[in-house]
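Peer 1:
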Amino acid sequence: EEAEVETEQPDAADDVQVVDAAAAATATAATATAAAATSPDEDNHEKASKSGVTPEFRSDRDVERKGDDAEIQHDHKDEHTKMDSEPVTEPVTKTVTAHGDIPVDDEWNHLISSEPGSIFPPESKRYHLYVAYACPWAHRTVIVRNLKGLQDAIGITYVHPTWQFTNPDVDDHRGWVFGSSEEKAPSFSNTAGMGTFPANWGEEDPHMNAKSIRELYKMSNDTTGKYILPVLWDTKLNTIVSNESSEIIRMLNFEFNEFAKNPELNLYPETLEKQIDELNGWVYPTLNNGVYKCGLASTQEAYDEAIDELTDAFDKVDSILQKQRYLAGNTFTEADVRLFVTLIRYDEVYNVYFKTNTRNVATTPAVLNYVRDLYQMKAITDSCRMDMIKAHYFTSHVELNKFSIIPRGDNFLGLLSQPHGRESLDP
């Protein structure tokens with residue numbers, strides 16, 4: 001988890017803001033969501049389960065990071081090298097409604113639900129995803145959107161891969177910014193002034209005309225100071241719905257079937273829920289987050305511990321995939337989506353950048369063919385841009401790569417286009 005910053009909160013009377021009904025609704029949703037997430041009673045559990053998001057499932061918030069590829073933004077005690085400023089503390093505001101003062105949201109994990117009275121009901125063309133090709137957590141949401149056939153119902157915008165200072169006159173926060181389609185738009189450099197990266201590597205914000213993801217958080221009265229991706233945005237209320245990918249993919253899976261081209265696809269089938277949750281429970285800390293533990297270790301001891309854990313987990317995956325086509329057996333599920341986004345980056349980025357070179361995908365036949373199998377699904381192929389993935393990692397983190405030299409690699413995506421032969425594992 002990103003390091004917490006202790007700040008003195010201003011007295012409510014110092015900064016009270018009257019807002020319109022949309023902002024008030026957002027604040028109300030924040031309170032309702034927080035209650036559902038913390039209350040152990042069965043009613044709240046059932047309500048959350050309507051989107052396939054149970055309180056227990058919020059495990060990604062309880063481990064070491066939250067939502068974004070915060071590989072360079074979090075500081076886990078002595079294990080990680082600090083690559084970015086502390087979470088930025090913005091002025092805290094409160095909203096005034098007919099029901100009195102309601103604190104603004106401090107964790108963006110609202111639920112889209114068809115339940116009566118829902119602040120965020122499923123609607124076509126109402127919600128928008130802000131993502132980066134590079135961010136593995138955002139990549140999950142892009143894949144599920146594509147698999148379900150929600151491209152016409154939920155819009156998407158890709159930010160620029162190269163982090164920039166988001167408010168250089170105020171602080172040194174570095175993060176995601178939008179690009180430009182203008183032909184004469186100036187190129188980007190990294191935050192050390194090195195490199196030249198076209199502005200059209202990123203898209204413009206089509207809804208709020210924001211220049212950075214940070215601005216979207218500020219428009220939503222954010223109090224966390226953690227400007228992370230993905231962002232699921234409500235274009236009607238002009239606020240963030242969620243920035244937690246594990247919850248967003250469940251909502252995309254369950255709540256938009258009336259607008260989906262593939263409504264019959266269920267990535268979290270009831271018969272496999274327990275198995276999927278168990279898989280996610282160890283794949284996330286040991287592999288998804290494990291590569292970052294290796295890459296950001298600041299002592300040899302921390303690295304040795306992390307690489308041992310990562311290597312064991314990689315071998316465990318290899319053992320499973322030698323016997324069955326997918327992680328949960330012969331059914332493709334969200335567990336595969338969550339693993340894929342790490343494996344697709346493993347050889348080209350993590351082996352080079354995060355020192356995870358005890359194993360690699362290309363020389364592990366079962367894992368390689370598994371990645372090929374998934375990659376060759378058109379919905380997944382269309383979500384992968386290795387050039388943009390590498391551009392982010394190798395141009396954003398000046399502490400690791402001051403001159404932003406992007407390694408060429410050996411055409412890993414070309415390797416994934418070869419036959420996989422995984423059909424032989426079907427019953």
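Take the sequence shown: its position 327, counted from the start at 1, is 327 in our numbering, and no numbers get skipped. Ideal placement from N, C-alpha and C gives every residue a C-beta, glycine not left out.
What did DSSP end up calling A306 once you bin it into helix, strand or coil?
Peer 2: In this structure, A306 counts as helix in the three-state DSSP scheme.
Peer 1: Are V131 and V231 touching if we call contact CB-CB under 9 Å?
Peer 2: In contact: V131 and V231 (Cβ atoms closer than 9 Å).
Peer 1: How many angstroms separate the CA atom of A328 from the CA atom of Q275?
Peer 2: About 7 Å.
Peer 1: Who are the Cβ neighbours of A185 in its own chain at under 6 Å, not counting the five residues just before and after it?
Peer 2: Closer than 6 Å at Cβ, skipping near neighbours: A199.
Peer 1: Run the CB neighbour count on Q418, radius 10 Å, all protein chains shown included, and call it buried at 16 or more, exposed below.
Peer 2: It counts as exposed.
Peer 1: Rounding to the nearest angstrom, what Cα-Cα distance links G281 and E182 in this structure?
Peer 2: Those two C-alpha atoms are separated by around 44 Å.
Peer 1: Contact between the segment 413–427 and the segment 213–227: three or more CB pairs below 8 Å?
Peer 2: No contact exists between the segment 413–427 and the segment 213–227.
Peer 1: Could you check whether the segment 365–372 touches the segment 307–323, counting it as contact only if at least three pairs of C-beta atoms, one from each stretch, sit closer than 8 Å?
Peer 2: Touching, yes, given that three or more Cβ pairs across the two stretches are closer than 8 Å.
Peer 1: If you follow the alpha helix (DSSP H) that H139 is part of, which residue opens it and which one closes it?
Peer 2: Where H139 is concerned, the enclosing alpha helix (DSSP H) stretches over P136 to K148.
Peer 1: Please confirm whether L343 and C384 have their CB atoms less than 9 Å apart.
Peer 2: Taking 9 Å as the Cβ cut-off, L343 and C384 do not qualify as a contacting pair.
Peer 1: Just mark R359 as buried or exposed, buried being the case when its beta carbon has 16 or more other beta carbons within 10 Å.
Peer 2: Buried, because 16 or more other Cβ atoms sit within 10 Å of the Cβ of R359.
Peer 1: With C-beta atoms as the reference, is F340 less than 9 Å away from L374?
Peer 2: Cβ atoms of F340 and L374: closer than 9 Å.
Peer 1: I'd like the list of long-range same chain contacts for L287, defined as Cβ closer than 6 Å, with 5 residues on each side in sequence excluded.
Peer 2: Answer for L287: A313 and T342, listed in chain order.
Peer 1: Opposite D234 in the DSSP bridges: which residues?
Peer 2: For D234, which the question treats as bridged, DSSP gives the partners Y127 and T239.
Peer 1: The alpha helix (DSSP H) spanning T342 covers which residue range?
Peer 2: E334 to R345 is the span of the alpha helix (DSSP H), which, as asked, contains T342.
Peer 1: Taking only the alpha-carbon atoms, compute the straight-line gap between G409 and K390 and give it to the nearest angstrom.
Peer 2: In a straight line, the C-alpha of G409 is about 10 Å away from that of K390.
Peer 1: Under a three-way DSSP split, which group does F188 fall into?
Peer 2: Correct three-state label for F188: strand.
Peer 1: Quick check on I389: does DSSP put it in helix, strand or coil?
Peer 2: I389: helix per DSSP, three-state reduction.
Peer 1: Tell me which same chain residues have a C-beta within less than 7 Å of the C-beta of G175, skipping the five on either side of it?
Peer 2: Here the set comprises W163, T166, S212, I213, R214 and Y227.
Peer 1: Rounding to the nearest angstrom, what Cα-Cα distance links E115 and E203 in this structure?
Peer 2: Roughly 34 Å separates the two Cα atoms.
Peer 1: Would the beta-carbon of N109 fall within 9 Å of that of E247?
Peer 2: In contact: N109 and E247 (Cβ atoms closer than 9 Å).
Peer 1: Rank A302, E258 and L252 by C-alpha distance to the C-alpha of L129 and give the top, closest one.
Peer 2: Among A302, E258 and L252, the Cα nearest to that of L129 is on L252.
Peer 1: Among residues of its own chain, excluding the 5 on either side of R126, which ones have a beta-carbon nearer than 7 Å to its beta-carbon?
Peer 2: Closer than 7 Å at the Cβ level, and outside the excluded window around R126, lie D234, T235 and K236.
Peer 1: What are the partner residues of Q164, as DSSP defines its beta bridges?
Peer 2: Looking at the DSSP assignment, Q164 forms a beta bridge with G175.
Peer 1: If you draw a straight line from the C-alpha of P285 to the C-alpha of I112, how long is it?
Peer 2: Cα to Cα, P285 sits roughly 27 Å from I112.
Peer 1: What does DSSP give as the partner residues of G329 in its beta bridges?
Peer 2: Looking at the DSSP assignment, G329 forms a beta bridge with Y326.
Peer 1: Check whether the Cβ atoms of G295 and K355 lie closer than 9 Å to each other.
Peer 2: Yes.
Peer 1: First and last residue of the alpha helix (DSSP H) that includes T381?
Peer 2: Looking at the DSSP string, the run of the alpha helix (DSSP H) that includes T381 is K378 to T381.
Peer 1: Quick check on DSSP: helix, strand or coil for G295?
Peer 2: If DSSP states are grouped into helix, strand and coil, G295 belongs with the helices.
Peer 1: With L415 and A362 assumed to form a contact (beta carbons below 8 Å), what rounded beta-carbon distance in angstroms separates them?
Peer 2: Going by Cβ atoms, the distance from L415 to A362 rounds to 6 Å, so yes, they are a contact pair.
Peer 1: Thinking C-alpha only, which one of T239, E334, I406 and T196 is nearest M208?
Peer 2: It is T239.
Peer 1: State yes or no: is the C-beta of F254 within less than 9 Å of the C-beta of L150?
Peer 2: Contact flag unset, no.
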